[in-house]
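J.: Dropping a structure here in structure tokens format, bear with me for questions.
Residue numbers (this note's numbering): 317 to 973.
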């Protein structure tokens, strides 16, 4: 018979083997990430000079290895620093909140409303100075609503499949996707968000004969939501431990143990101050509070949902958290087309972190997904809303093909040129190719010359696209490699400057041109000119900060994109997989950077930059494990002491009846 000792030895050996294997895998993965970051930084100078990977020489190899090693050393340093501090903290009793300064900070941040007040004070200058910020997509969304309203309720003739360009031509959306019955709504920018924006603009025109009031209302509404979502999430991370077995906070933000005794104040005063300073001073964040585009609103909604899941993982599900999760899920779904994927991922993460509440979580997130997606399917299938063009998801492939057409046209066979010509005007495609952005190639209908044949392309023309792309790529691997990294390296190159900054929306041409609309949808001089001196002065100061060496780097979004990724690497090295699970929605946003149509556009980084401080808090907190929560079983056990029955307390999961 096998002895208990041999069983223990076998179990210990298996655990050691698993530990060694996980150590090797995490080390390799972290090393690969650091090598990727180092490589992107080393090739930056090549692609900024419109070069090719063929120019990659000894100097670039040396730079690649040095920077990769530096990133890996930073990860190891942070890991060891955190380990030492936690070991020291476990041996010493640290008095929390000593001193007037620390006490004041802890009191000022003890609740979500107080944190909201701090953020409001720090951010309020943005809507006061700029009123609102928006870009071309916002104008197109308002125009969609205008065209729909004019054609549906006033009998006005609006061009449809004619010589004049509509907004669906401007995106553009292939004409084969246009329903036979005229419609003027599309899902190119999420239909629900388009309708809400357009309705606000329409009501503003009806009431004030101008769109300005509606635009300002939308901007202030988003600002209020940004303050709310951020402050609530900040409070959760300040006071709640990410551990189901650990103490949880009361309404005042102080942690209590299982018996109700106060044990700590959560995050310390100095870390709280640093978090608030970052949120208050980061241009990518405060500029996004009033920017009317899908990325900022989506980022704040995603942060809020992650914070709710964080709360649920610590304290379980209740009606308040369930209702908040429903609202957050709806915001994700109606904001951006890729919101459906994030909602599904958040559902999976929430269930894995809180398996006991899986039914309520499934209903809370699953039902909104079904309702919203069913509604969108009904609108598109009946022709009330146009489908979005699939070309929007092919930015990388299109850039790769365009680079080959521009620099290696002789590598294409006659048949390949014929097939590709059904989709694109090859001469124009080569002419307008820009390594940093795919928009000129997939082309706007107003762009002259036009590359994408959106008027004549058919579904049959797209059927051979993937095989054609693969076949051309096999003959031009370097061209494909160049096209991919020329469009993506900037997000991971710490020395690169943004192609389009978040602050660029605050004072761009759309905000300055009152004549950008017709009499139906017009932005007045209220937004574009007042208060002009403050607007231009603040915009100039922010641009100067961006351009200042070293100090300006702190304003660049890609610095915080890289910093967040390094912190995730620290968690990998610590094998803190439970925290990494919660951060999957943040990790998923790195995919958005890669598939985005432009290189180093800050509006795609907002969600990651916003999450940096929360990833930092999790990284610095004690390591957690996936453990099944132990329960106390008060069932009596057959036992006697001195002839009297006793009750034994059993721990562990109670067996099923």
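Glycine included, every Cβ here is placed at the ideal spot set by N, Cα and C. Since the structure is predicted, the reported quantities are computational estimates derived from the model, not experimental observations.
Skipping 5 residues on each side, what residues in its chain have a beta carbon closer than 8 Å to that of residue 697?
T.: none
J.: Just checking my contact of residue 496 with residue 773 at CB under 8 Å: how many whole Å lie between their CB atoms?
T.: Not quite, the Cβ-Cβ distance comes to about 18 Å (not below 8 Å), so this is no contact.
J.: Enumerate in chain order the residues of its own chain whose CB-to-CB distance from residue 653 is below 8 Å, with the five nearest sequence positions on each side excluded.
T.: 503, 506 and 704
J.: Distance check for residue 784 and residue 932, CA to CA, integer angstroms please.
T.: 44 Å
J.: Drop a sphere of 10 angstroms on the beta-carbon of residue 456, count the other beta-carbons inside from all chains shown, and report buried for 16 or more, exposed for fewer.
T.: buried
J.: Do you know offhand how far residue 573's Cα is from residue 629's?
T.: Low confidence applies here, because residue 573 scores a pLDDT of 38, under 50, leaving its location unreliable and the question unanswered by this model.
J.: In chain order, which continuous runs of the beta strand (DSSP E) of length 3 or greater are located wholly inside the stretch 896-928?
T.: Listed in chain order, nothing qualifies, since the stretch 896-928 has no complete beta strand (DSSP E) run of 3 or more residues.
J.: If you compare alpha carbons, which of 400, 438 and 510 is closest to residue 452?
T.: 510
J.: Is it right to say residue 335 is buried, meaning 16 or more other beta carbons lie within 10 angstroms of its own, or is it exposed?
T.: exposed
J.: For residue 450, which of helix, strand or coil comes out of DSSP?
T.: strand
J.: To the nearest angstrom, report how far apart residue 766 and residue 895 are at their CA atoms.
T.: 47 Å
J.: What separation, rounded to the nearest whole angstrom, lies between the Cα atoms of residue 397 and residue 349?
T.: 21 Å
J.: How should residue 788 be labelled, buried or exposed, when 16 other C-beta atoms within 10 angstroms of its C-beta is the threshold for buried?
T.: buried
J.: Pick helix, strand or coil for residue 633, following the three-state DSSP scheme.
T.: coil
J.: Could you give the residue range of the alpha helix (DSSP H) that holds residue 732?
T.: 730-737
J.: For residue 753, list the residues DSSP reports as bridge partners.
T.: 750 and 914
J.: Distance check for residue 751 and residue 487, CA to CA, integer angstroms please.
T.: 20 Å
J.: Any idea if residue 880 is buried or exposed, counting beta-carbon neighbours within 10 angstroms, 16 or more meaning buried?
T.: buried
J.: Can at least three beta-carbon pairs, one atom from the stretch 352-369 and one from the stretch 808-815, be found at a separation below 8 Å?
T.: yes
J.: Among the residues of its own chain, which have a CB less than 8 Å from the CB of residue 338, if the five just before and after it don't count?
T.: 891
J.: Please report the straight-line C-alpha distance between residue 532 and residue 601, rounded to a whole angstrom.
T.: 19 Å
J.: Does DSSP put residue 654 in a helix, in a strand, or in coil?
T.: coil
J.: Under the rule that 16 or more other beta-carbon atoms within 10 Å means buried, what is residue 485, buried or exposed?
T.: It is buried - the Cβ of residue 485 has at least 16 other Cβ atoms within 10 Å.
J.: Is it right to say residue 441 is buried, meaning 16 or more other beta carbons lie within 10 angstroms of its own, or is it exposed?
T.: exposed
J.: Return yes when at least one heavy atom of the ligand FMN lies under 6 Å from the C-beta of residue 814, else no.
T.: Looking at this structure, you won't find the ligand FMN or any other ligand, since it has none at all.
J.: Just to confirm my understanding: we take residue 360, look at its own chain, exclude 5 residues before and 5 after, and list those with CB closer than 8 Å. What are they?
T.: 805, 806, 809, 811 and 812
J.: Would you grab the beta carbon distance between residue 439 and residue 543 for me? Rounded to a whole angstrom, and I think it's under 8 Å.
T.: 7 Å
J.: Would you call the stretch 904-914 in contact with the stretch 704-723, where contact means no fewer than 3 C-beta pairs closer than 8 Å?
T.: Touching, per the Cβ criterion.
J.: Quick one: residues in its chain with C-beta nearer than 8 Å to the C-beta of residue 797, no 5 flanking neighbours on either side, listed in chain order?
T.: 369
J.: If you draw a straight line from the alpha carbon of residue 702 to that of residue 493, how long is it in whole angstroms?
T.: Here the alpha carbons of residue 493 and residue 702 stand approximately 7 Å from one another.
J.: Exposed or buried, which one is residue 468 when buried takes at least 16 other CB atoms within 10 Å?
T.: exposed
J.: Count the other C-beta atoms from every protein chain shown that fall within 10 angstroms of the C-beta of residue 582, then say buried if there are 16 or more, exposed otherwise.
T.: buried
J.: Starting from residue 512, trace the alpha helix (DSSP H) in both directions and tell me its first and last residue.
T.: Bounds of the alpha helix (DSSP H) holding residue 512 are 507-524.
J.: Which of helix, strand or coil does DSSP assign to residue 569?
T.: With a pLDDT of only 40 at residue 569, under 50, the local geometry of the prediction cannot be trusted, and the value read off the model is given with reservation. Looking at residue 569 - three-state DSSP - the assignment turns out to be coil, as it is neither helix nor strand.
J.: Does the structure place the stretch 424-435 close enough to the stretch 590-598 that three or more beta carbon pairs sit under 8 Å?
T.: yes
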